[in-house]
Each structure stands twice: as C-alpha cells, then as structure tokens.
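Reminder that position 65 of the sequence shown reads as 66 in this note's numbering, one-by-one numbering, no gaps. Built from N, CA and C at the ideal position, the CB exists for glycine as well. No experiment lies behind these values; they were computed from the predicted model shown.
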Amino acid sequence: AAIQEHGGRVLVRSPSGEVQEGSMKPLTIVVEFDDLETARRFYHSDAYTEARQLREACSETDLVLVEGL
C-alpha cells in the first residue's frame with residue numbers, strides 16, 4: 002500500500018534471475034516512481050519506515066534509488 006500511496010508501480014517481482022556475472026539476492030523487485038524526489042518521499046514515509054523495520058528483523062536487503070530516463 003505504501004508504494005501505491007506514492008504513485009509507485011511494481012515493474013518486476015522475480016524470485017529468481019539468470020545471473021551471468023556477480024551475484025544476486027533470492028528476490029528482485031523493481032519499482033518505478035514518477036521521479037527521484039517521489040521515490041525519496043516514499044522511502045522516508047511513515048508507512049515505509051514501519052514496513053522496513055519489520056523487514057529488517059528477518060531479511061537482508063539492498064535498496065538503491067536511481068534516476069531513470
């Protein structure tokens with residue numbers, strides 16, 4: 002719900018990938034926001050902070066914000 006509240010759209014949710022080089026986590030999720038500032042507001046929102054605290058108790062996560070085209 003926090004993603005949608007900030008206008009985010011899940012583009013990829015894949016439990017596996019075909020690694021050609023390096024390594025990856027067991028689950029990859031790609032979310033698109035209208036712009037980088039909206040993604041930042043999502044990340045710092047109360048709703049995501051609460052979800053992040055729950056997730057951090059049971060998983061390891063890499064989260065990267067990048068500006069798209």
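(message) Across the region 27 to 37 and the region 45 to 54, are there enough close Cβ pairs to call them in contact, namely three or more that are closer than 8 Å?
(response) Not touching, per the Cβ criterion.
(message) Going by C-alpha to C-alpha distance, which of Ser60, Glu57, Pro27, Thr39 sits closest to Ala3?
(response) Translated into positions along the sequence shown, residue 3 becomes position 2. Considering only alpha carbons, the answer is Thr39.
(message) Are the CB atoms of His7 and Arg42 within a distance shorter than 9 Å?
(response) Within the sequence shown, numbered from 1, the residue matching residue 42 stands at position 41. Within the sequence shown, numbered from 1, the residue matching residue 7 stands at position 6. In contact: Arg42 and His7 (Cβ atoms closer than 9 Å).
(message) By the DSSP assignment, the beta strand (DSSP E) with Glu33 in it spans what residues?
(response) Against the sequence shown, residue 33 aligns to sequence position 32. Looking at the DSSP string, the run of the beta strand (DSSP E) that includes Glu33 is 29 to 33.
(message) Quick check on DSSP: helix, strand or coil for Leu12?
(response) The count along the sequence shown starts at 1 and reaches residue 12 at position 11. In the structure shown, Leu12 falls within a strand segment according to DSSP collapsed to helix, strand and coil.
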